[in-house]
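This report refers to the structure that appears directly beneath it.
Numbering (this note's numbering), first residue to last: -14 to 157.
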């Protein structure tokens, strides 16, 4: 809000002098500026150019937001993968035994999913209380669901690979 006011105070949007952009007016303004100039540079711009600068600035902000969101997502997926591999290395026998006993995928990874939900609950609460719009809250909830699905998918793939090795006669 402040930067909008600052940019408006230095542009022609709040200037009471509106000059039609014609060749004759450009000559008169140029002559007047050269005659009365004390070394300061006067900038004349159209309202369309001023609005285009705003659009460009908003476009850059959206691009930066998308980049940060992608980096946050990538980092979160890497952390989830690390936690999954650690869990699988520590509890491989237990997980595969539960698979043979017919436990559901969610039940086999309940401790890891509980850890992920506990980690994601703090930022969710912060967004719940401090977000003025519903979009960031929905975006974060969607991202959390996507991360949990990512963990379940990778866990299922790791189990299948290890079950095949076990059935071939490998030792856990």
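Every residue gets a Cβ at the ideal spot worked out from N, C-alpha and C, and that includes glycine.
State the Cα-Cα distance for the pair residue 143 and residue 78, rounded to the nearest angstrom. 13 angstroms
How many Å lie between residue 70 and residue 47 at the Cα? 34 angstroms
For residue 125 and residue 109, what's the separation of their Cα atoms in angstroms? 7 angstroms
Spatial neighbours of residue 112 within its chain, please: CB distance less than 8 angstroms, with the 5 preceding and 5 following residues excluded, ordered by chain position. 121, 122 and 125
Drop a sphere of 10 angstroms on the beta-carbon of residue 43, count the other beta-carbons inside from all chains shown, and report buried for 16 or more, exposed for fewer. exposed
Just mark residue 91 as buried or exposed, buried being the case when its beta carbon has 16 or more other beta carbons within 10 Å. exposed
Could you tell me the boundaries of the alpha helix (DSSP H) in which residue 99 lies? 95 to 115
How about residue 66 and residue 140: do their beta carbons lie closer than 7 angstroms? no
As an exercise, report each continuous alpha helix (DSSP H) stretch of at least 4 residues that is fully enclosed by the segment 34 to 98, in chain order. 90 to 93
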